[in-house]
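Undergrad:
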Amino acid sequence: MELAKGLNPQQKQAMTAGLGPILVMAGPGSGKTRVLTQRIAYLISHMGVRPYNILAVTFTNKASKQMGERVNEILDGETRGLSLGTFHAICARILRRESEVLPFDNNFVIFDADDQRGLVKSAIKEMNLDDKAYRPHSVHNSISRAKNELILPDDFPINTYRDEVVQRIFVRYQELLLNSNALDFDDLLLWTAQLLEEHPVVREKYARRFEHVLVDEFQDTNMAQYILLKHLAGHHRNIFVVGDIDQSIYRWRGADYRNIMRFEQDFPNAQTILLEQNYRSTQNILDAAMAVIDKNAHRKRKELFTDRGKGDKLVLQETFDGREESTYIVDTIAKQVLKGRQPGDFAVMYRTNAQSRLLEEAFMRAGLPYKLVGAQRFYGRREIKDILAYLRLVHNPGDEVSFSRVINTPRRKIGNKAIQALRTVSINEKKSVSEVLLDLAGGDQSEYYGAFSTAQARAFSSFGKLLRNWRTEAEELKPLALIDRILNDIDYQSFLDDGTEEGIERWENVMELRRLAAEYEQRSLIEFLEEVALVSDQDTVDSNANVPTLLTLHAAKGLEYPVVFISGLEDGTLPHIRSFDDPESMEEERRLLYVGITRAKDRLYLTHALNRSTYGFTEPTDPSRFLMDIPDELTEGSAPAGIRISSRQRKFQEQTTWGKNDASAPIIEPTYRAGQNVRHPTYGEGMVLNTKIDDGEEIVDVFFGEMGTNKRLIASFAKLEIIE
DNA sequence: GCATCGGATTTTTTT
DNA sequence: AATCCGATGC
């Protein structure tokens, strides 16, 4: 087997390194995925390690799936037992298996961000606190931060009165989770780390099993993940981590690139391997990336190089506003597709999700298909959450959040009063609401029947029967069949169908969920629910569609495209205004741009708008300060990025762009058509012969009878008047 | 119990 | 601009 074929010396060194800790510092496009897969293959084929004894952790399911496929290819299918997955997925698996020693059942459900916030909110409400003073979002943030640092309520650091309150909410929040037999994302890591900490037998079991641990995107691990790794690999020290400090972009969710330094301390004598050669981008792109990232303080300089040559210059494009920016991008893509580029070669990246809307509109105006990356967009929809809540409740009746969501959706005349009454019974009986509900399925045979008004008892009873049936059926039915059963029983289609376009769209989303469930014919409901809960945005990247991709800079990490647009390069957007007062955050914004730039293989467009509207208000902007760091000789285009535009200059530009914009209106739709009669101030009356769009301008050919000549005019400059 | 209206609030990034 | 929340009225 020629595993080393095509590897450079450093890659080869990483692949063939012996036992013990190994730290691979991999620049963008340096083939780190390749190194990881080859390393796994090498361990199995050359070092006699059984796949069963290898654990490889990635950041997205997509990455782990891809890695699995490649290893499988190299080894011709000899990979049975290999453990591959995201931190969260692997932890979920361990927790289900070890649930006897844990305070929850192995059929626990995973609450998504929405559920988590909702739960914090109900804790706040319960405690009679003001949810204006204690914003659920921000309280949850504090709690999540703590959990990522492995801090439990008891150890929650208290400096202010607010901390004290948050601590109490934290306590209640954890109780509510356990009451529902549910875990949040952070719990998956927290409970696993704790399990390994407190149960030496379990720890040894996994440490022994995972004789070799490999970690991708190590710079984005948080404390909980780091401790987890230490528990697993602390003894045998066969830990192979790959990372790049310059691509650390998740500090805000607890990631700490200093884990790389900790690694060097905790695993002394680690072999460090540097991968600097870039196989992705042209040198101009790499030079721009380095120019941006070099401004970060306290950083070991890396020299990114390629043998691909300088390549095209980066294109800077300034536009009047976000709408014009989007039109420019779509227009440029359309033009290049006509010249033979594949639509799938393009990606448009942006700092905030809100920016995608203008882009989507521009694509739709142009009638061109595109693909938006973002799982939350889909799984966050009401109709999808409804159906998933039904499934979750069937699987785990303890799930109070799903219960609340589902109990009166579609309307079944169970209002707040009735639910309160049910809650009272459930608390008195020390049973979950669903247990009481299931009991009520027995009609007046149920001992609780009398606790309600007749109408309430009937309503509960009939819903209880449904739930009971689904639970029985769930033992046999596959996820898809169960969904169909539920959809049918609750007549969800007519519930959604309110005669509007939106209603139809919602039903189509449900059908899309069905399609996803159909892929689980061989797997169980719990697997379906778990994967759905843990999908990452990147998992929805569809590289087969051959259409341009729209995604946030965060979602772009690890991906590459021949042509990349980074839009909204303005101070306040990138760097984002919320980072202005914190130098560390500003450095992270810079890294974000660095990640974006280094996604591009051949061509890179950097665009910024002179006016941007947020919250419905339009305001003038300054070009991103990061643009100034890119040397002029690497770029071409309208915006003098090297020079900060003075406000007087900007005013002038605003005016001229305004004028241009007024006359030509939407750039891709022609204003004139052949056969029309027009009047020109100097040439007089004439007839339009032909009109076309070029470079965002409408070009009109006109025959002027009085002059006896044909003229080719740019519509936005020539003051043509249409004569009826 | 449910629909409707108006005001507040939101957007940073996500497993 | 769009969504969410609570109060109000039926």
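Each residue of the first sequence is one higher than the one before, starting from 3 at the first, in my numbering. Backbone N, C-alpha and C fix where the C-beta goes; we use that ideal spot for every residue, glycine too.
Are Tyr252 and Ser569 touching if we call contact CB-CB under 8 angstroms?
TA: As a first step, residue 252 must be located in the first sequence, where it is residue number 250. As a first step, residue 569 must be located in the first sequence, where it is residue number 567. The answer is no: Cβ separation not under 8 angstroms.
Undergrad: How far does the beta strand (DSSP E) with Met351 in it extend, from its first residue to its last?
TA: Along the first sequence, read from residue 1 onward, the residue named residue 351 stands at position 349. Residues 348-352.
Undergrad: If you reduce the DSSP assignment to three classes, tell me which class Thr751 lands in.
TA: Residue 751 is absent from the model: the chain starts at 3 and stops at 726.
Undergrad: From Leu121 to Ser144, what distance separates their C-alpha atoms?
TA: For the purposes of this step, residue 121 is identified with residue 119 of the first sequence, where counting begins at 1. For the purposes of this step, residue 144 is identified with residue 142 of the first sequence, where counting begins at 1. Going by the C-alpha atoms only, they are around 14 angstroms apart.
Undergrad: Of all the options Leu131, Met588, Leu190, which has the alpha carbon lying nearest to the alpha carbon of Val111?
TA: Here the question's residue 111 lines up with position 109 in the first sequence. Cα-wise, what sits closest to Val111 is Leu190.
Undergrad: Alpha helix (DSSP H) containing Arg211: first to last residue?
TA: Here residue 211 is taken as the residue at index 209 of the first sequence, counted from 1. It spans 202-211 - the alpha helix (DSSP H) in which Arg211 sits, taken as one unbroken run.
Undergrad: By DSSP's criteria, Met366 is part of a beta bridge. Which residues make up the other side?
TA: On the first sequence, residue 366 is found 364 positions in, with the first residue counted as 1. None, per the DSSP bridge assignment.
Undergrad: With 16 other CB atoms within 10 Å as the buried threshold, where does Asp246 fall?
TA: Locating residue 246 in the first sequence gives position 244, counting from the first residue. That one is buried.
Undergrad: Quick test of the definition: if touching needs 3 or more C-beta pairs under 8 angstroms, does the segment 418-433 touch the segment 204-212?
TA: no
Undergrad: With distances taken from CA atoms, which of Ile92, Gln196, Tyr175, Phe628 is nearest Ala290?
TA: By 1-based counting over the first sequence, the position of residue 290 is 288. Minimum Cα-Cα distance from Ala290 among the listed residues Ile92, Gln196, Tyr175, Phe628 corresponds to Phe628.
Undergrad: Going straight from the alpha carbon of Gly400 to that of Ala235, what length do you get?
TA: Looking up residue 400 in the first sequence gives position 398. Looking up residue 235 in the first sequence gives position 233. Cα to Cα, Gly400 sits roughly 36 angstroms from Ala235.
Undergrad: Taking DSSP as the reference, what is the three-state secondary structure of Arg264?
TA: For the purposes of this step, residue 264 is identified with residue 262 of the first sequence, where counting begins at 1. Three-state DSSP puts Arg264 in a helix.
Undergrad: Using CA coordinates, which residue listed in Leu77, Glu151, Ile171, Ser101 is at the minimum distance from Gln118?
TA: Taking the first residue of the first sequence as 1, we reach residue 118 at position 116. Of the listed residues, the one whose Cα sits closest to Gln118 is Ile171.
Undergrad: Decide if the segment 374-392 is in contact with the segment 567-586; the criterion is three or more beta carbon pairs, one per stretch, under 8 angstroms apart.
TA: no
Undergrad: Going by DSSP, what residue range makes up the alpha helix (DSSP H) through Ala91?
TA: If you number the first sequence from 1, residue 91 lands on position 89. Ala91: member of the alpha helix (DSSP H) spanning 89-99, first to last residue.
Undergrad: Check whether the segment 274-286 and the segment 22-38 touch, using three or more Cβ-Cβ pairs below 8 angstroms as the test.
TA: yes
Undergrad: Compute the beta-carbon to beta-carbon distance between Ala318 and Leu552, rounded to the nearest angstrom, for a pair I have assumed lies under 8 angstroms.
TA: The sequence position of residue 318 within the first sequence is 316, counting from 1. The sequence position of residue 552 within the first sequence is 550, counting from 1. Position check: residue 318 holds Leu in this sequence, whereas Ala was assumed. Going by Cβ atoms, the distance from Leu318 to Leu552 rounds to 20 angstroms, so no, they are not a contact pair.
Undergrad: For Ser146, I'd like the list of residues in its chain whose CB is within less than 6 angstroms of its CB, leaving aside the five on either flank, ordered along the chain.
TA: For this step, residue 146 is matched to residue 144 along the first sequence. Cβ neighbours of Ser146 beyond the five flanking positions: Asp188.
Undergrad: Ser448: buried (16+ other C-beta within 10 angstroms of its C-beta) or exposed?
TA: The residue given as residue 448 occupies position 446 in the first sequence. Buried: at least 16 other Cβ atoms inside 10 Å.
Undergrad: On a CA-only basis, which of Thr354, Asn712, Tyr163, Leu482 is nearest Glu514? Give me that one, please.
TA: To locate residue 514, count along the first sequence from 1; it is residue 512. Comparing Cα-Cα distances from Glu514 to each of Thr354, Asn712, Tyr163, Leu482, the minimum goes to Leu482.
Undergrad: Would you check if there are 3 or more beta carbon pairs closer than 8 angstroms linking the segment 616-630 to the segment 301-317?
TA: The segment 616-630 vs the segment 301-317: no contact.
Undergrad: Roughly how many whole angstroms lie between the Cα atoms of Ala336 and Thr321?
TA: Position 334 of the first sequence, counted from the start, is the residue given in the question as residue 336. Position 319 of the first sequence, counted from the start, is the residue given in the question as residue 321. The alpha-carbon atoms of Ala336 and Thr321 are separated by roughly 18 angstroms.
Undergrad: Determine which residues share a DSSP beta bridge with Ala6 and list them.
TA: The count along the first sequence starts at 1 and reaches residue 6 at position 4. DSSP lists no partner for Ala6.
Undergrad: Going by the beta-carbon positions, is the gap between Val566 and Lys64 smaller than 8 angstroms?
TA: Position 564 of the first sequence holds residue 566. Position 62 of the first sequence holds residue 64. Contact flag unset, no.
Undergrad: Pop quiz: Gly22 and Gln273 are said to be a contact at Cβ under 8 angstroms. What is the actual Cβ separation, rounded to whole angstroms?
TA: Translated into positions along the first sequence, residue 22 becomes position 20. Translated into positions along the first sequence, residue 273 becomes position 271. Correct: roughly 7 angstroms between the Cβ atoms.
Undergrad: Which residues in the same chain have their Cβ closer than 8 angstroms to the Cβ of Thr609, if we skip the five residues on either side of it in sequence?
TA: Taking the first residue of the first sequence as 1, we reach residue 609 at position 607. In its chain, beyond the 5 residues on either side, Leu318, Gln319, Glu320, Thr321, Glu327, Tyr330, Ile331, Phe567, Ile568, Ser569, Gly570, Leu571 have a beta carbon closer than 8 angstroms to the beta carbon of Thr609.
Undergrad: Would you identify the three-state DSSP class for Ala184, choosing helix, strand or coil?
TA: Numbered from its first residue, the first sequence carries residue 184 at position 182. Here Ala184 sits in strand by DSSP.
Undergrad: Which two residues bound the contiguous alpha helix (DSSP H) that contains Ile126?
TA: Counting from one through the first sequence, the residue named residue 126 turns up at place 124. Looking at the DSSP string, the run of the alpha helix (DSSP H) that includes Ile126 is 115-128.
Undergrad: Within a Cβ cutoff of 7 angstroms, which residues of the same chain sit near Tyr450, ignoring the five residues on either side of it in sequence?
TA: Working through the first sequence from its first residue, we reach residue 450 at position 448. Scanning its chain for C-beta atoms nearer than 7 angstroms, with the 5 sequence neighbours on each side dropped, one finds around Tyr450 the residues Val427, Val438, Asp441, Leu442, in chain order.
Undergrad: Checking 8 angstroms against the spacing of the C-beta atoms, do Lys599 and Val294 come in under that value?
TA: Here the question's residue 599 lines up with position 597 in the first sequence. Here the question's residue 294 lines up with position 292 in the first sequence. Strictly speaking, residue 599 in this sequence is Ile, with Lys absent from that position. Yes, these two residues count as a Cβ contact at 8 angstroms.
Undergrad: So Ser778 is in the alpha helix (DSSP H); what residue range does that whole segment cover?
TA: No answer is possible for residue 778: the residues shown for the chain start at 3 and end at 726.
Undergrad: Please go through the segment 539-573 and give each complete beta strand (DSSP E) segment of 3 or more residues, from N-terminal end onward.
TA: 551-554, 563-568
Undergrad: For Glu708, name the three-state secondary structure that DSSP assigns.
TA: To locate residue 708, count along the first sequence from 1; it is residue 706. If DSSP states are grouped into helix, strand and coil, Glu708 belongs with coil.
Undergrad: Taking all protein chains shown into account, decide if Ala94 is buried (16 or more other Cβ within 10 angstroms of its Cβ) or exposed.
TA: Residue mapping note: residue 94 aligns to position 92 of the first sequence, counting from 1. Per the 10 Å Cβ criterion, buried.
Undergrad: State the DSSP-derived secondary structure class of Pro345, mapped to helix, strand or coil.
TA: As a first step, residue 345 must be located in the first sequence, where it is residue number 343. Three-state DSSP puts Pro345 in a helix.
Undergrad: So, is Ile724 buried or exposed, given that buried needs 16 or more other C-beta atoms within 10 angstroms?
TA: Here residue 724 corresponds to residue number 722 of the first sequence, with the count starting at 1. Answer is exposed; the Cβ neighbour count stays below 16.
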